[in-house]
Amino acid sequence: MAAGVLRRATGVLLPATGGWLLAAGRSLPVIDYLSPNPDANLSVQRWAKSAEIKTKLLRRWIFPSHICDLFSIIVNEYDTDFVTQKNHQKFRDMADLRTTYMGVELKNPIILGASSLVEDPAVIQKIERAGISAIIYRSLFEEQIHLEQIQLEDQLGEYDNRNAEMLHLFPEVRHGGAKEHLYKLEKLISKVSIPVFASLNATYEESWEDYALALEKTGIAGLELNFYDIPLDGEHSSTEIEKKQLRILSKLKSILKIPISVKLSPFYSNPVHFISQVDNAGANGVVIFNRFFQPEINTDTEEFFYPFDLTHQKDYQLSLRFAGLLYGNIGADICASRGISDGNDVIKMLLAGADSVQIVSAVYKNKASHITGMIELLEEWMDARGYKTINDFKGKLSMKNLKDPYAYKRAQYVDILMKSNEILKKYPMV
Ligand SMILES: Cc1cc2nc3c(=O)[nH]c(=O)nc-3n(C[C@H](O)[C@H](O)[C@H](O)COP(=O)(O)O)c2cc1C
61 MAAGVLRRAT
71 GVLLPATGGW
81 LLAAGRSLPV
91 IDYLSPNPDA
101 NLSVQRWAKS
111 AEIKTKLLRR
121 WIFPSHICDL
131 FSIIVNEYDT
141 DFVTQKNHQK
151 FRDMADLRTT
161 YMGVELKNPI
171 ILGASSLVED
181 PAVIQKIERA
191 GISAIIYRSL
201 FEEQIHLEQI
211 QLEDQLGEYD
221 NRNAEMLHLF
231 PEVRHGGAKE
241 HLYKLEKLIS
251 KVSIPVFASL
261 NATYEESWED
271 YALALEKTGI
281 AGLELNFYDI
291 PLDGEHSSTE
301 IEKKQLRILS
311 KLKSILKIPI
321 SVKLSPFYSN
331 PVHFISQVDN
341 AGANGVVIFN
351 RFFQPEINTD
361 TEEFFYPFDL
371 THQKDYQLSL
381 RFAGLLYGNI
391 GADICASRGI
401 SDGNDVIKML
411 LAGADSVQIV
421 SAVYKNKASH
431 ITGMIELLEE
441 WMDARGYKTI
451 NDFKGKLSMK
461 NLKDPYAYKR
471 AQYVDILMKS
481 NEILKKYPMV
């Protein structure tokens with residue numbers, strides 16, 4: 061057992077099998093835990109997961125059960141963090157959850173999808189502590205920047221009417237453009253120790269390039285292209301739209317050094333065909349699928365409104381199907397998104413062929429500790445089946461690996477029509 065040196069910590073340092081256990085308060089300066097023996101092949105591991113997991117880890121690796129129970133009380137009661145010196149032999153028995161997104165290595169397959177959750181540093185800190193493997197920063201929307209610019213000009217115009225001196229006094233007042241977004245993103249990157257990816261949705265082809273280059277400079281691990289565009293008329297053909305998106309991707313691939321992925325809507329005539337083209341154009345990842353807020357009508361006021369609708373359990377099914385169809389057919393990493401609610405959904409996505417998943421609604425609906433539960437379930441499921449790595453079972457139920465490829469082709473209605481008597485018994489109409 062290699063001894064450790066602990067500085068500035070105010071906790072109880074206890075010897076444990078294969079290392080040292082420290083029980084201390086939340087503000088534990090873990091970074092100051094140094095091994096004096098660089099050859100010991102032991103490293104410090106910080107576990108800041110749920111109390112349940114801490115208890116489990118204690119049971120699993122460190123103590124006989126009666127001592128473990130005592131420590132569980134300390135750990136749970138005081139919501140402590142604890143560090144152990146990693147016992148590599150024992151850790152080797154544990155499922156290895158590592159995977160990749162856009163070719164970037166992640167410690168597990170669960171990524172926080174693009175959302176406004178990134179706006180609150182305290183929330184992000186909790187999410188990181190819960191075990192999330194990477195963060196997608198909310199999209200930089202060129203459209204939003206233009207709208208804000210117009211609003212600011214309107215406001216300055218109002219002042220101009222009321223007090224002509226305003227513009228004279230503040231002639232330099234201008235909208236900051238993307239600066240605030242870039243500044244906040246850079247700040248977030250400096251605060252977390254997991255990869256942060258940016259997301260971009262620009263309007264003009266030139267601005268895709270300008271914004272992408274600016275985002276790259278912040279130190280992001282990669283860039284997600286959010287090809288969100290809702291055509292409002294029949295003027296542009298699907299071929300034109302797809303060609304434009306592929307042109308943007310190819311251009312960005314040629315000017316950026318970081319990896320790029322494409323986040324898609326499911327509204328392509330043949331998503332698999334378009335994704336193959338995206339793959340050929342050099343995308344390092346694809347996210348299937350984005351989900352947009354849709355307008356709603358209030359029948360009382362006879363007006364439109366935009367409800368804050370999160371996705372529901374089972375909304376993952378479309379992504380599951382396409383992960384299964386894509387697995388083994390493209391080089392880009394497959395990242396599944398939409399309606400992934402719990403650890404079981406993550407397992408399903410990986411079995412179909414996804415390399416990773418993104419979650420947003422599940423985080424809004426539950427506390428950050430829900431993420432820990434998802435990771436734990438995946439870990440336990442793998443352990444129970446003897447899967448050591450994600451690759452051991454990834455794509456096992458993909459179209460490519462299934463003996464019955466009709467599982468993906470079968471038109472559900474045929475099945476359902478054949479079972480209509482049973483269904484009517486369950487949902488009687490009369
Ligand atoms: C509040 C909120 C903000 C979002 N912002 C973005 C965004 O900026 N860019 C983007 O590509 N997707 C955005 N999304 C979509 C999510 O990243 C995700 O694709 C979608 O919610 C489906 O995943 P889920 O079922 O896990 O929520 C947002 C979703 C929500 C709920």
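Start counting at 1 in the sequence shown, then tack on 60, and there's your number in the working numbering. Just so you know, even glycine gets a beta-carbon here, dropped at the ideal spot from N, CA and C.
Could you tell me whether the segment 155 to 173 touches the segment 388 to 395, where touching means 3 or more Cβ pairs closer than 8 Å?
Touching, yes.
When we look at the beta-carbon of P355 and count the other beta-carbons within 10 Å, is it buried (16 or more) or exposed?
So P355 ends up on the exposed side.
For V423, count neighbouring Cβ atoms within 10 angstroms of its own Cβ and tell me buried if that reaches 16, exposed if not.
Classification for V423: buried.
Run through the DSSP bridge pairs and tell me what A258 is partnered with.
L283.
Is it right to say E202 is buried, meaning 16 or more other beta carbons lie within 10 angstroms of its own, or is it exposed?
Buried, because 16 or more other Cβ atoms sit within 10 Å of the Cβ of E202.
List the whole-angstrom C-beta distance separating G345 from M489, where the pair is believed to meet the contact cut-off of C-beta under 8 Å.
Actually they are not in contact, since the Cβ atoms of G345 and M489 sit about 46 Å apart, beyond 8 Å.
Please state whether DSSP places R351 in a helix, a strand or coil.
Looking at R351 - three-state DSSP - the assignment turns out to be coil, as it is neither helix nor strand.
Taking 8 Å as the cut-off, does the CB of K323 come closer than this to any heavy atom belonging to ligand 1?
Yes, ligand 1 has a heavy atom inside 8 Å of this Cβ.
Tell me the rounded alpha-carbon separation between L324 and L245.
Rounded to the nearest angstrom, the two C-alpha atoms are 23 Å apart.
Just checking, does the segment 316 to 331 make contact with the segment 362 to 377 on the three C-beta pairs under 8 Å criterion?
With the cut-off at 8 Å, the segment 316 to 331 and the segment 362 to 377 do not touch.
To the nearest angstrom, report how far apart A194 and L242 are at their CA atoms.
The alpha-carbon atoms of A194 and L242 are separated by roughly 18 Å.
Could you check how far apart the C-beta atoms of L273 and I318 are, in whole angstroms? I think they sit under 8 Å.
With 8 Å as the limit, L273 and I318 do not qualify as a contact, their Cβ atoms being about 10 Å apart.
For the alpha helix (DSSP H) holding Q305, just list the boundary residues, first then last.
Start and end: 298 to 315.
From the DSSP output, which residues share a beta bridge with N358?
Beta-bridge pairing links N358 to E363.
Would you say the beta carbon of N350 is closer than 8 Å to some non-hydrogen atom of ligand 1?
Yes; taking the cut-off as 8 Å, the Cβ of N350 has a heavy atom of ligand 1 nearer than that.
Taking the Cβ atom as the reference point for each residue, do A258 and I196 lie within a distance shorter than 9 Å?
Yes.
Kindly examine ligand 1 and report whether one of its heavy atoms sits closer than 8 Å to the Cβ of E246.
Outside the cutoff, so no.
In angstroms, rounded to a whole number, what distance separates the CA positions of E482 and A343?
Cα to Cα, E482 sits roughly 46 Å from A343.
Check whether the Cβ atoms of I357 and F365 lie closer than 9 Å to each other.
It is a contact, given that the beta carbons lie within the stated cut-off.
Assess contact between the segment 384 to 391 and the segment 411 to 419, defined as three or more Cβ pairs (one per stretch) separated by less than 8 Å. Is contact present?
With the cut-off at 8 Å, the segment 384 to 391 and the segment 411 to 419 touch.
What's the C-alpha gap between L275 and A174?
The alpha-carbon atoms of L275 and A174 are separated by roughly 15 Å.
Residues bridged to Q418 by DSSP?
According to DSSP, which records beta bridges pairwise, Q418 is partnered with I171, S397.
Strictly by DSSP, which residues pair up with V406?
Bridge partners of V406: none, in fact.
Check for me: the alpha helix (DSSP H) holding V338 runs from which residue to which?
331 to 340 is the span of the alpha helix (DSSP H), which, as asked, contains V338.
Within a Cβ cutoff of 7 Å, which residues of the same chain sit near R351, ignoring the five residues on either side of it in sequence?
T371, R398.
In the DSSP assignment, find the unbroken alpha helix (DSSP H) run with T160 in it and report its ends.
Note, T160: premise wrong, no alpha helix (DSSP H); beta strand (DSSP E) at 159 to 161.
Whole angstroms are fine: how far does the CA of K479 sit from the CA of K485?
Cα to Cα, the separation comes out at about 10 Å.
Note the first and the last residue of the continuous beta strand (DSSP E) segment covering V183.
No beta strand (DSSP E) holds V183; the alpha helix (DSSP H) holding it covers 181 to 189.
When DSSP labels each residue in this structure, what does L324 get in the three-state scheme?
It is a strand residue.
Do I431 and I419 count as a contact pair if the criterion is CB distance below 9 Å?
In this structure, I431 lies closer than 9 Å to I419 by Cβ.
Find the nearest neighbour of Y264 within the set Y288, I254, K251, judged by alpha-carbon distance.
Selected option, being the one with the closest Cα: Y288.
So R198 and S176 are in contact, right, with Cβ under 8 Å, and what is the actual spacing, rounded?
6 Å between Cβ atoms; contact.
Nearest to A190 by CA position, among Q377, G446, F353, G433, is which residue?
Of the listed residues, the one whose Cα sits closest to A190 is G433.
Strictly by DSSP, which residues pair up with I196?
F257.
Can you tell me the Cβ-Cβ gap for Y447 and D405, rounded? I've got them flagged as a contact below 8 Å.
About 17 Å; that fails the 8 Å criterion.
How is T278 classed by DSSP in three states: helix, strand or coil?
Note: T278 maps to coil in three-state DSSP.
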